[in-house]
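Read through the structure below, which is laid out as structure tokens, and then see the notes.
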Amino acid sequence: MQRRRLTRCWVLLPCAVLILFLTACGEVAGRSSSETMLLPTARITGTTEPIEPLELELPSTTIATEPEATSTTPVVPVVMPQLPTPRNGPGDLPYPLTLTRLNFGVVGHLYYTDRRTALSKAREAGFRWFRQQIHWRDIEDRSGALLWGDLDSIVADVNNAGMLLMINITRSPGWYTSNGADGLPDNPATLARFAGALAERYRGRVHAILIWNEQNLAYENGGTIGPEDPGHFVEIMAATYTAIKAADPSIIVVAGAPASTATNDPAIAMDSLSYLQAMYTYKDGMIRDYFDVQALHPGGSANPPETLYPENPSQAQGWTDDPSFYFRHVENQRRVMEEAGMGHHQVWITEYGWATANTSPGYEFGNQISFETQRDYIVGAIRYTAEHYPWVSNMFLWNLNFTVLQREAGRNPLHEQGSFSIVNADWSPRPAFWGIQQAIAEISAMP
1 MQRRRLTRCW VLLPCAVLIL FLTACGEVAG RSSSETMLLP TARITGTTEP
51 IEPLELELPS TTIATEPEAT STTPVVPVVM PQLPTPRNGP GDLPYPLTLT
101 RLNFGVVGHL YYTDRRTALS KAREAGFRWF RQQIHWRDIE DRSGALLWGD
151 LDSIVADVNN AGMLLMINIT RSPGWYTSNG ADGLPDNPAT LARFAGALAE
201 RYRGRVHAIL IWNEQNLAYE NGGTIGPEDP GHFVEIMAAT YTAIKAADPS
251 IIVVAGAPAS TATNDPAIAM DSLSYLQAMY TYKDGMIRDY FDVQALHPGG
301 SANPPETLYP ENPSQAQGWT DDPSFYFRHV ENQRRVMEEA GMGHHQVWIT
351 EYGWATANTS PGYEFGNQIS FETQRDYIVG AIRYTAEHYP WVSNMFLWNL
401 NFTVLQREAG RNPLHEQGSF SIVNADWSPR PAFWGIQQAI AEISAMP
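First residue of the sequence shown? That's 1 in full-length UniProt numbering, and the numbers climb one at a time after it.
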């Protein structure tokens, strides 16, 4: 799918306060353009709003029992999965960290734009979380110095807006990769050093860190993708998880989502199910100890959220003959997790959405989607998740404001990224904005 002054804030919650909100309940759970946009960065000067505390919970081994059978037909015994024993992790917090209920977030871009309006719109729509992607290559120089720049004010402004922040780290400096590209680094220790420094600098103010994005795509992985790459990603997760937790144990560490695809071509992609299987089986499931949450990206194309190939295929024109084109493909991805013994980790859907009319090759399916249909499909996906996926505890809409970025940078107003947005180029809401606002309010009001 899709594609930087240190401010102390009294409203932020350190690790000690988070522990007060632990509960022993049962289990519940962007790409920004790489083009440079030479526009001034806005600063928020509005009133500081308090951040609602993160509600974490202890994992449970309780399994709901079926009602007593009334039939005389012999019942075949059900073999229940063996669940891991609840344990504490870094900072004596539960492992893995989980959320007590479904949260809602949005993917947006806060560099070189009207940050005040972006965050105001995100809050108005009902989102509690903001996902900001950063490019590691733009922050670390060849000497190893870390030049945080606007990220300091972005973190402060998100906090001051009363939102929770997930930072998505992508794009290695070229000197850390064998081919000079910006894929995952050759040495996991290099990314671990950067991620640990980020966690230390923004301790208590960054609430989740997402490691990479759609790394099963060749262009996100440095140009090629091969059978050894999922294992390399596991080694990177182990190193970065350890470094992040050493700096701030309360940060939720999220393993990057593979793109929803069935393509297997070293120059293009590895299919998402095969990538996940290879991740989870590497070194006998080594990754199980090195992430809190698994990010997943469902499909969408022009297909309604309740449809799924082959049992309930969409009637859209094209992009209907494989499960990877559908929102409900997330069920197949979750099944891989459970079969590999990773079911105690919650899922965050870190990108979902529907394109509308655009001129980008490969996204022609958006030309079947009106703004009203986009609203209906997004709201349908939110409701379907709330009703059917208790293992999902956060979902981030792609996206908030790429229409605005395209206008500010003088780029094609019909680029596919902007076609996913829920505001127009002048910040006026599209129909999806109001539908999302209502759906989130209704679901959040449920006990």
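Glycine included, every Cβ here is placed at the ideal spot set by N, Cα and C.
- DSSP, read as helix, strand or coil, puts M166 in strand.
- With fewer than three CB-CB distances shorter than 8 Å, the region 304-318 does not count as touching the region 271-291.
- At a Cβ-Cβ threshold of 8 Å, L147 and I134 do not count as neighbours.
- Note on geometry: alpha-carbon atoms of D114 and A192 lie some 32 Å from one another.
- Your pair G126 and I436 checks out as a contact, with CB atoms roughly 6 Å apart and the cut at 8 Å.
- Contact annotation: W398 and F420 have beta-carbon atoms nearer than 8 Å.
- In summary, A441 is exposed, with fewer than 16 beta-carbon neighbours lying within 10 Å of its beta-carbon over all protein chains present.
- If you check the CB distance, V379 and I349 do not come in under 8 Å.
- Taking the C-beta atoms as reference points, Q417 is found no nearer than 8 Å to H345.
- Burial is judged here by how many other beta carbons sit within 10 angstroms of a residue's own beta carbon; N358 has at least 16 and is buried.
- Taking Y219 as reference, the option from I251, M270, P304, L54 with the minimal CA-CA separation is M270.
- Restricting attention to A161, I167, Q438, the CA atom closest to the CA of R201 is found in I167.
- For L405, the uninterrupted alpha helix (DSSP H) segment begins and ends at 402-409.
- Taking a cut-off of 8 Å for Cβ pairs, the region 152-165 and the region 173-184 do not touch, as fewer than three such pairs fall below it.
- The C-beta distance from L102 to E55 rounds to 11 Å, too long to fall under 8 Å, and the pair is not in contact.
- Take the alpha-carbon of M337 and the one of L405: they are about 36 Å apart.
- Here E364 carries a helix assignment [DSSP, helix/strand/coil].
- Assignment of beta-bridge partners to P94 by DSSP yields N88.
- In the DSSP annotation of this structure, the continuous segment of the alpha helix (DSSP H) that includes Y280 starts and ends at 272-281.
- Looking at N187, H207, P266, K121, the one whose alpha-carbon comes closest to that of V234 is N187.
- With respect to the C-alpha of H415, the residue from F402, Y290, A122 having the closest C-alpha is F402.
- When secondary structure is reduced to three states using DSSP, A195 falls in the helix class.
- Straight-line measurement puts the Cα of G174 at about 11 Å from the Cα of D138.
- Only residues of its own chain outside the window of five on either side were considered, and among them none has a CB closer than 6 Å to the CB of M446.
- From the listed residues W212, T307, P90, the smallest Cα separation to I251 is found for P90.
- Bounds of the beta strand (DSSP E) holding S393 are 392-398.
- At the C-beta level, A161 and R128 stay beyond 8 Å of one another.
- Distance between L93 and T170, taken at the CA atoms: about 27 Å.
- Taken atom to atom, the span from the alpha-carbon of R87 to that of M342 is near 15 Å.
- Annotation: Q132 is outside any alpha helix (DSSP H); the continuous beta strand (DSSP E) that includes it extends over 129-135.
- It is roughly 7 Å from the alpha-carbon of Q215 to the alpha-carbon of G256.
- In this structure A195 is not in contact with D248, their Cβ atoms being roughly 11 Å apart against a cut-off of 8 Å.
- For the 8 Å CB-CB criterion, P304 and S314 form a contact.
- Per DSSP, the beta-bridge partners of I209 are I167, V253.
- Here DSSP, grouped into helix, strand and coil, assigns D265 to strand.
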